[in-house]
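Enquirer: Structure in structure tokens, see below.
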Amino acid sequence: MAVLAEKASRGRRHSPDPADRERRERGRWHRLDMKLSPYMYIAPFFIIFGIFGLFPLLYTAYVSLTGWRADTDGSQHDFVGLANYSRLLHDQFFWNALRNTVAIGLLSTVPQLLMALLLAHFLNYRIRGRTLFRMGVLLPNVASVAAVTLIFVQLFGRDYGLINWLLTTMGLDRLDWQAGTWSSWIAISIIVTWRWTGYNSLIYLAGMQAIPFELYESAALDGAGRWRQFRTITVPMLRPTILFTVIVSTIGALQLFGEPLLFNVSQTPTSGGSQHQFQTMAIYTYDQFWSKFKYGYGAAISWAMFLVIVIIVLINLFLARRMRGIEAS
Amino acid sequence: MRIGLARRATVLLGIGALLAVPALAACGSSSDSGSNDSNKKITLTVNLFGDFGYKKLYEQYQQAHPNITIKENVTDYNTHHQNLQAHLLAGAGTADIEAIEIGQIAGYSNQSSKFVNYLDYGVKTSQWVDSKWQMAASPDKKSLFGLGTDMGGLALCYRSDMFAAAGLPTAPADVDKLINSWDDYFSVGQQFIAKYPDKKVKWYDAASNVFNAILFQAKNGVYDDNQKIAITSNPAVKAAWDQTVASVKAGESAGVAAFTTQWNQGFANGQWATVTCPAWMLGEIKTQGPNFTGKWNVATIPGSHGGNWGGSYLTIPKQGKNIQAAVDLAKYLTAPEQEKYLFTTFGNFPSDQQLWTDPSVSGFTDAYFQNAPVGKIFSDSAINLKPQPTGPHAGEIGNAIGNGLVSIEQGKATADQAWAKVLADVQNLAG
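Here the protein sequences line up with chains A and B, keeping their order.
Everything in the first sequence is counted per the working numbering, starting at -17 for the first residue and increasing by one.
Everything in the second sequence is counted per the working numbering, starting at 2 for the first residue and increasing by one.
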């Protein structure tokens, strides 16, 4: 070190000594390493995201500004500006799809998260075989969307389905689940709820186990009952967790595709029911792309969907900020 | 000369990159372009949207051509055509032979340059009637990109045991006399519903099938002679609609969409007494099983006694690697000899017009259907067929009308509401 310092004090001229030069290069390489390595480590993800995430996003935006129809040769160079978006605003099927998506989203998210919260609360108790139960609630999530939906479609069958049979034994009329608006929304929400309740309850359970037991003890000493404790201790302490699950569930609900697609018992699965009663936005996009071959218009709907999701998530965040809660740390 | 650490790393990186490039290029390189070496081992892929009954034919062909292996891939109707369109646009991913159904083929006419022109390979258009081969030709008719496989024709299949229980005649000739026009069909349906003991059994499976049968016998369907959508301007469309809707309101429809699991269950549970029957439907009914042998029979379709529901073409995308071999296989599968075989074993009626007067075809009777003269019925329906001009979105428009009828069957819309929805759907489709 002293040798180096002496050499440095003689000025910045490069000494002809090869060993010295190597030491300097090693230092330069080391500095480069320190600066660049972090970026290199995260580069693979961003390169892949750039190719498969960012580029399609931008390309779709570009396509949405053209009037590209796959069955018309040469129409991909037909630049129409924002005409697709203004058509979207007057398209009754788009607004119908939006209405369906929001309704199914609410029906499948709100009861599901409430049930997940309650389920987590009970899983938190010291019951026998609780590990088995905690693993068990995750099982519905493991099965594939297609398989689950197809089985539920059989259960909801109009003439030979199990659920209609139960209704008749209780003295009620058979329901054509696909035919009605509310019935199809409720049926699809049941399928989604069945799938995701266990998953969300485990997330809540993890959050609950981080709540210090002393809080419950002191509340019990003060005479608070179980329900009071749940309301005033558990729920506020879980606020970050609840916020997370609400946002993730909302995004998932707005992109709902697999269940409504397979719920349709017809030769036109992308129609979302004979009167488009359960056609969600994702299905409408898919329908415009692949059944109607309107690539430009479909791209515009995709971007509109993206904007809708962003708006709703922002509303979610805004409401959550206004919720009163105990600051965790 | 000692290379510094940094320099060494850079050199290594550079060598690595140089080595990687040809390796990647080798991964992406295409195999050698179609050589005419007839002994080279070739695997031909065939993409279909249903069972065409080709299994035995593949075996025979592979025995005659030991160097060729045939792989068949079946997906459902919608997925198959969507994938085909996507792969054509992408320029890669199609099979050697792709089947296209008659309801979709018009959308490919503008893309005929992406397919092999069979006229260059010795195929003669006289093998089919004009209305069949022209649908698979380029707009200027100079290029033929689809070989006609089967055609549906149209007949009326009925459960003779149910007819007997309702006091109706059961022999095909008697049924023909009883049900001559479409009005007869609907009024006999009323009688059936009134007299048949099990009230869960309806007259037919779905209104859309009956609607299509009626409309197809008119001079023009949803398209006029100039490939313009004529759904409002053609009175035949609304007339067929009104007639079908009236029968739905009278309770004659079971309201079960074709080709769904519920439809299969409906057949198994005997939910309807009649069904509009193209030739390939005979194969569908047969898969219901031996329990139904001797229960179904076939009569002539009412109305003008002609009709066609379905039919396909075999096409060869130019992006394939084994064009000559694929052409040979496609020509083999659609040759008259093979089509005759398919009709007598599988039920698909040939589109080769010379076979319609061939005694072994027109005289064919089917034991499953109580020896009904199916050969004669379908040959007559093919000969009586008056071709209807069609357009690129015929399939989709048919689906939109079908959905409208379904919403009436489900009791969720009045006739006028459903019709308004149909018009809105067609507008969305075309615009």
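All residues carry an ideal CB built from backbone N, CA and C; glycine is no exception.
Under 9 Å between C-beta atoms, does Ala310(A) make it to chain B?
Expert: Because Ala310(A) sits at a pLDDT of 41, beneath the cut-off of 50, its placement in the model cannot be relied upon, and the following sentence gives the value as read from the coordinates. Not closer than 9 Å to any Cβ of chain B, the Cβ of Ala310(A) fails to qualify, so no.
Enquirer: Given that Thr250(A) touches chain C, what residues does it touch there, using C-beta distances under 7 Å?
Expert: Among the chains of the structure shown, chain C does not appear; the protein chains present are A and B.
Enquirer: For a quick check, are the C-beta atoms of Leu49(B) and Glu73(B) less than 9 Å apart?
Expert: yes
Enquirer: Got a sec, what are the start and stop residues for the beta strand (DSSP E) Gly149(B) sits in?
Expert: 148 to 152
Enquirer: Looking only at DSSP bridge pairs, what is Ala138(B) linked to?
Expert: According to DSSP, Ala138(B) bridges with Leu145(B).
Enquirer: Label Glu60(B) either buried or exposed according to how many other C-beta atoms from any shown protein chain fall within 10 Å of its C-beta, with 16 as the threshold for buried.
Expert: exposed
Enquirer: So, with DSSP's three-state summary, where would you put Leu238(A)?
Expert: coil
Enquirer: Compare the C-beta of Trp272(A) with all C-beta atoms of chain B and state if any pair is closer than 9 Å.
Expert: yes
Enquirer: Would you identify the three-state DSSP class for Asp97(B), choosing helix, strand or coil?
Expert: coil
Enquirer: Beta-carbon of Thr261(B) versus every beta-carbon of chain A: anything under 9 Å?
Expert: yes
Enquirer: Where does Phe61(A) fall in DSSP's three states?
Expert: strand
Enquirer: To the nearest angstrom, how far is it from the Cα of Asp225(B) to the Cα of Lys142(B)?
Expert: 19 Å
Enquirer: Tell me Ala300(B)'s beta-bridge partners as DSSP assigns them.
Expert: When beta bridges are read from the DSSP output, Ala300(B) appears opposite Leu157(B).
Enquirer: Looking only at its own chain, which residues have a Cβ that is under 6 Å from the Cβ of Ser34(B), when we skip the five neighbours before and after it?
Expert: With a pLDDT of 43 at Ser34(B), under the threshold of 50, the predicted position of this residue should be treated as unreliable, and no value is reported.
Enquirer: Going by beta-carbon coordinates alone, are Gln86(B) and Trp50(A) separated by less than 9 Å?
Expert: no
Enquirer: For chain B, find out if any of its Cβ atoms is closer than 9 Å to the Cβ of Leu64(A); answer yes or no.
Expert: Judged by the 9 Å Cβ criterion, Leu64(A) is not in contact with chain B.
Enquirer: Using a Cβ-Cβ cutoff of 7 Å, what residues of the segment 414 to 432 of chain B are near chain A? List them in chain order.
Expert: Listed in sequence order: Ala414, Lys422, Ala425, Asn429, Leu430.
Enquirer: Please list, in chain order, the residues of the segment 106 to 127 of chain B that have any C-beta partner in chain A closer than 8 Å.
Expert: Shown in chain order are the members of the segment 106 to 127 of chain B whose Cβ falls below 8 Å from a Cβ of chain A: Gly108, Asn111, Gln112.
Enquirer: With C-beta atoms as the reference, is Gly149(B) less than 9 Å away from Gly312(B)?
Expert: yes
Enquirer: Drop a sphere of 10 angstroms on the beta-carbon of Trp129(B), count the other beta-carbons inside from all chains shown, and report buried for 16 or more, exposed for fewer.
Expert: buried
Enquirer: Within its chain, find whatever has a CB closer than 6 Å to the CB of Ala167(B); leave out the 5 residues flanking it on each side and keep chain order.
Expert: Phe193, Lys196, Tyr197
Enquirer: Going by DSSP, what residue range makes up the alpha helix (DSSP H) through Asn79(B)?
Expert: 78 to 91
Enquirer: Need the endpoints of the alpha helix (DSSP H) that Gly312(B) sits in, please.
Expert: First-last for Gly312(B): 312 to 316, but that is the beta strand (DSSP E), not the alpha helix (DSSP H).
Enquirer: On the premise that Ile69(B) lies in contact with Val47(B), defined as a C-beta separation below 8 Å, what is that separation, rounded to the nearest angstrom?
Expert: With a Cβ gap of about 12 Å, Val47(B) and Ile69(B) do not count as contacting.
Enquirer: Counting only beta-carbon separations shorter than 9 Å, does Ala258(B) have a partner in chain A?
Expert: yes
Enquirer: Is the segment 296 to 312 of chain B touching the segment 378 to 390 of chain B in the sense that three or more CB pairs, one from each, lie closer than 8 Å?
Expert: With the cut-off at 8 Å, the segment 378 to 390 of chain B and the segment 296 to 312 of chain B touch.
Enquirer: Return yes when the Cβ of Leu157(A) is within less than 9 Å of the Cβ of Leu149(A), no when it is not.
Expert: yes
Enquirer: Report yes if the C-beta distance between Pro351(B) and Asp151(B) is below 9 Å; otherwise report no.
Expert: yes
Enquirer: Closer than 8 Å is the cut-off here; do at least three beta carbon pairs connect the segment 134 to 141 of chain B with the segment 265 to 276 of chain B?
Expert: They do not touch, by the three-pair rule.
Enquirer: Below 9 Å between beta carbons: does that hold for Gly278(A) and Thr48(A)?
Expert: yes
Enquirer: Could you give the C-beta distance for Ala264(A) and Leu299(A), rounded to a whole number, given that I count them as a contact under 8 Å?
Expert: 23 Å between Cβ atoms; not a contact.
Enquirer: Do you know offhand how far Val423(B)'s Cα is from Leu216(B)'s?
Expert: 16 Å
Enquirer: Report the rounded CA-to-CA distance for Ser305(B) versus Gly153(A), giving the unit in angstroms.
Expert: 47 Å
Enquirer: So the candidates are Ala52(A), Ala65(A), Ser68(A); which of them puts its Cα closest to the Cα of Gln1(B)?
Expert: Absent from the structure is residue 1(B), since the part of chain B shown begins at 2 and ends at 432.
Enquirer: Strictly under 9 Å for the Cβ-Cβ distance: is Ser161(A) near chain B by that measure?
Expert: Going by the sequence as given, residue 161(A) is Ala instead of Ser. Ala161(A) counts as touching chain B.
Enquirer: Apart from the five residues on each side of it in sequence, which residues of its chain come closer than 8 Å, Cβ to Cβ, to Ala26(B)?
Expert: Bear in mind that a pLDDT of 47 at Ala26(B), under 50, signals an unreliable position, so the model cannot answer this.
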